[in-house]
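Chains as they are written, first to last, in the numbering used here: chain A, 17 to 467; chain B, 17 to 467.
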């Protein structure tokens with residue numbers, strides 16, 4: 017049932033492409049879902065892909081194109097003329113997919129492709145969609161939907177719906193609008209089946225419907241659809257006029273994207289990076305974070321330098337520098353990760369910053385006590401200096417408390433100023449905690465050793 | 017349109033609960049979606065929630081219950097008798113939600129509640145579902161679905177569908193089965209509208225349908241539904257018999273859960289932790305990871321101790337211990353995060369381990385060169401010792417290379433042995449890289465300073 021991509025399959029396919037053997041090619045890909053064909057094409061060169069595209073019918077080829085990885089799609093489209101792109105793909109796509117695709121084209125190509133679109137309604141829809149800001153409801157929605165006028169009868173509605181349904185894959189919901197296209201509610205299909213064909217839509221529609229404004233952000237939309245278990249969500253303008261609808265499959269992509277972005281940020285990688293990107297792209301996404309780490313390391317060096325005198329007298333203090341730095345980083349990331357996830361899920365509840373800080377402080381106290389006792393025992397039994405044992409334990413305890421509070425506070429602060437809180441779980445918090453931790457360690461060491 | 021939870025609202029509600037003012041309570045919650053009511057109840061004490069539940073009708077109350085956070089639900093159900101749980105909630109839930117809820121009850125309660133279920137079909141469905149392993153298709157699916165026999169006519173099918181549809185919220189798909197309940201395909205609604213009522217289902221159904229085996233894991237199911245843009249997926253047994261269906265809203269939860277688990281693991285937190293959990297639970301989820309960090313710190317101390325002699329001669333070597341340790345950790349996490357995400361998305365493609373290692377090596381070379389040059393410049397201008405400048409730069413370069421390769425290799429290795437690769441981005445990789453980095457640093461220092 018499930019298609020499995022193998023090296024043998026690709027080799028067979030490449031050989032068929034080389035021979036330009038149309039019938040073997042058709043046989044190889046014909047029974048596959050467009051998403052599977054896309055997976056295959058991601059493994060081919062753009063000119064090989066072109067041969068494969070030529071054997072598929074236009075609807076199927078367009079579906080496949082939308083399932084490709086973005087960079088494969090770009091490379092492939094670069095081989096085509098604007099006329100070919102418009103005729104072979106744009107005319108066969110839903111307006112939202114078509115707009116997404118045009119958005120990926122180089123700026124000088126966009127207008128040329130739009131000018132070549134034959135279906136004027138489609139061209140208009142696409143231009144409308146292109147105007148909405150990225151990552152908003154407007155950019156996410158499709159214009160294709162089924163709507164009926166509240167003044168129609170059931171029989172008129174059924175007739176109109178059949179016409180509209182022709183160009184739509186999944187119906188999900190039939191929307192009810194007034195003569196100005198203002199969204200009034202939805203029509204349940206069983207209501208249509210159970211009522212006489214002369215019944216008025218006005219008498220049988222359900223006015224309870226949830227919608228979003230066209231400027232709503234995609235993260236909020238994902239939260240709404242997830243919370244209320246929606247499979248489609250209508251999009252309206254400020255006057256309540258129905259502009260389009262967002263479907264759950266688009267939102268699944270948003271949810272994955274947001275989760276991946278958070279994960280990447282927490283790992284010190286910016287932007288939407290894939291393992292298939294080029295070395296240069298991968299480096300550019302990571303270097304800034306490493307530079308933060310480098311600056312932190314230099315600051316750490318300055319802190320230790322401050323205490324160089326102590327270090328010359330008691331060189332064994334150097335042994336536990338990595339431990340103190342690492343634990344500060346680990347604790348800080350844990351605390352901020354909890355907060356970042358709570359923010360993302362809207363599950364922090366009503367209790368404010370102080371209650372969070374109090375709780376993290378409690379956790380840190382517990383963790384700090386356990387870990388300090390263990391490291392004290394280790395030093396007591398395996399190191400000669402009792403002063404070192406006290407210093408390391410006390411410093412570790414303080415570092416854990418400070419790091420936990422800092423890790424809780426920073427994401428909450430970032431969120432308050434509408435900055436992505438996930439930034440706080442990355443190298444930034446580790447770095448600051450490293451430096452803070454070292455300072456605490458040497459300060460305590462200085463005070464304890466001197467006395 | 018969108019409900020916003022405020023402190024004022026909760027205060028008004030709590031006052032109404034105190035007065036047991038049924039009509040004010042109804043007014044306060046009546047127009048809200050069950051998900052919103054659940055959000056409110058998460059802020060109440062269990063006994064307060066009980067008062068609120070009493071004023072809602074049973075269907076609505078059950079819906080609300082399923083939208084609660086797990087710990088609120090547990091606390092609340094602990095106040096009820098098995099009979100109350102069965103009558104007020106289980107009888108009004110879909111089989112999959114009911115089974116989930118029963119699964120959360122303490123073991124001694126489960127059987128008692130099941131014994132009290134009035135609807136014998138529901139009890140049977142629930143017991144069936146409870147037998148499936150967690151996180152498989154069986155545990156995820158609902159038994160409620162619409163199916164028609166391939167031998168029926170359209171008119172018979174419509175009549176049966178109306179009966180079945182009564183207990184189902186979203187229809188999505190009408191499944192076609194043979195006399196042994198073996199899944200054959202699906203019936204498109206417009207086919208039913210367009211064909212005469214005496215047409216045979218056998219002649220108009222679509223045999224193309226994707227299904228999963230009841231033992232399939234939830235991560236794979238999420239991948240399939242996402243890849244093929246499905247809103248519902250039928251579940252079959254080894255004989256192809258239709259057992260149930262999984263809907264997209266359940267899978268959205270799985271996707272979020274998996275992403276959160278990865279994120280939490282990467283941040284050194286195990287299990288499914290929420291910021292609302294108790295201090296004890298939060299501590300238990302984090303301490304093991306901090307212990308790994310502690311052991312790493314102790315190992316680091318042993319490495320430095322090995323070179324205590326060098327350190328006494330050249331104490332300035334201690335300055336850059338935090339820098340080396342931190343950079344090793346950062347680079348390692350970056351490399352492993354890319355691989356973990358590639359594995360999760362199935363987007364690593366066909367190219368094997370070696371090509372990944374080669375690429376990460378390239379990125380590390382670039383990053384390593386840039387960072388080494390910067391740190392060399394810093395040391396050249398701001399530190400007196402040229403030997404130190406060489407040591408730090410060379411060590412940093414080597415550490416970045418080793419950490420990148422290690423960070424790439426470990427998740428691939430874990431994945432090969434079916435261990436969750438996300439483990440590799442957490443404190444584990446940071447810790448190992450810390451220790452390795454220190455060793456490289458002091459080894460290079462020893463060789464350079466001695467000569």
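Just so it is clear, CB atoms sit at the ideal spot from N, CA and C, and this is done for glycine as well.
Neighbourhood of residue i by C-beta distance below 6 Å, restricted to the same chain and skipping five residues each side
i              : result
residue 309(A) : 443, 447
residue 38(A)  : 71
residue 420(B) : 347, 351, 376, 380
residue 114(A) : 106, 142
residue 272(B) : none
residue 407(A) : 460, 461, 464
residue 85(B)  : 58
Min CB distance residue i to chain B below 7 Å
i              : result
residue 10(A)  : Lying before the first or after the last residue shown, residue 10(A) is absent from chain A, which here runs from 17 to 467.
residue 383(A) : yes
residue 302(A) : yes
residue 244(A) : yes
residue 279(A) : yes
residue 295(A) : yes
residue 283(A) : yes
residue 114(A) : no
residue 299(A) : yes
residue 77(A)  : no
residue 353(A) : yes
residue 423(A) : no
residue 256(A) : no
residue 387(A) : yes
residue 247(A) : yes
Boundaries of the alpha helix (DSSP H) in which residue i is found, first to last residue
i              : result
residue 94(A)  : It is not in any alpha helix (DSSP H) - residue 94(A) carries neither H nor E in the DSSP assignment.
residue 275(A) : 264 to 282
residue 191(A) : From DSSP, residue 191(A) is part of no alpha helix (DSSP H) but of the beta strand (DSSP E) over 190 to 193.
residue 60(B)  : Element bounds for residue 60(B): n/a, residue is neither H nor E.
residue 406(A) : 402 to 432
residue 442(B) : Residue 442(B) -> no alpha helix (DSSP H), and no H or E assigned at all.
residue 350(A) : 337 to 361
Cβ neighbours of residue i in the same chain (closer than 8 Å, five flanking residues each side left out)
i              : result
residue 434(B) : none
residue 218(A) : 166, 167
residue 246(A) : 226, 240, 264
Residue range of the unbroken beta strand (DSSP E) whose run includes residue i
i              : result
residue 250(B) : 248 to 252
residue 477(A) : The question about residue 477(A) has no answer here: the residues shown for chain A are numbered 17 through 467.
Interface residues of chain C facing residue i [CB-CB closer than 9 Å]
i             : result
residue 32(A) : Absent here is chain C; the protein component of the structure consists of chains A and B.
Close-in-space but distant-in-sequence residues of the same chain around residue i (CB under 7 Å, 5 per side omitted)
i              : result
residue 17(B)  : Low per-residue confidence applies at residue 17(B): pLDDT is 48, beneath 50, and the placement is therefore not dependable enough to give any value.
residue 267(B) : 237, 238, 241
residue 88(B)  : 57, 58
residue 234(A) : 151, 152, 156, 270
residue 395(B) : 404, 405, 408
Residue i at chain A interface by Cβ criterion, 7 Å
i              : result
residue 57(B)  : no
residue 310(B) : yes
residue 306(B) : yes
residue 349(B) : yes
residue 81(B)  : no
residue 316(B) : yes
Cβ-heavy atom distance, residue i to the ligand FAD, below 6 Å
i              : result
residue 161(B) : Of ligands this structure carries none, so the ligand FAD is not represented either.
**Request:** Could you please tell me which residues of the region 319 to 346 of chain B, in chain order, have their CB closer than 7 Å to any CB of chain A?
**Result:** The residues in question are 320, 321, 324, 327, 328, 331, 334, 335, 336, 337, 338, 339, 341, 342, 343, 346.
**Residues in the region 258 to 277 of chain B having any Cβ partner in chain A nearer than 7 Å** = Cβ contacts with chain A: 264, 265, 268, 271, 272, 275, 276.
**Request:** With a floor of 3 residues, list each beta strand (DSSP E) that falls wholly inside the region 110 to 170 of chain B, ordered by position along the chain.
**Result:** For the region 110 to 170 of chain B, whole beta strand (DSSP E) runs of length 3 or above, ordered along the chain, are 162 to 165.
**Message:** Residues of the region 391 to 417 of chain A in Cβ contact with chain B at a cutoff of 7 Å, in chain order, please.
**Reply:** Legend: CB atoms of the region 391 to 417 of chain A lying less than 7 Å from CB atoms of chain B belong to residues 391, 394.
**Message:** So if I threshold CB-CB distances at 9 Å, which residues from the region 443 to 458 of chain A count as touching chain B?
**Reply:** Cβ proximity to chain B below 9 Å picks out 443, 446, 447, 450, 451, 453, 454 from the region 443 to 458 of chain A.
**Contact residues within the region 133 to 160 of chain A, judged by C-beta distance below 9 Å to chain B** = Flagged: no residues at all.
**Prompt:** Of all the beta strand (DSSP E) runs that stay within the bounds of the region 215 to 260 of chain A, which reach a length of 3 or more residues?
**Reply:** Whole beta strand (DSSP E) segments, 3+ residues: 248 to 252.
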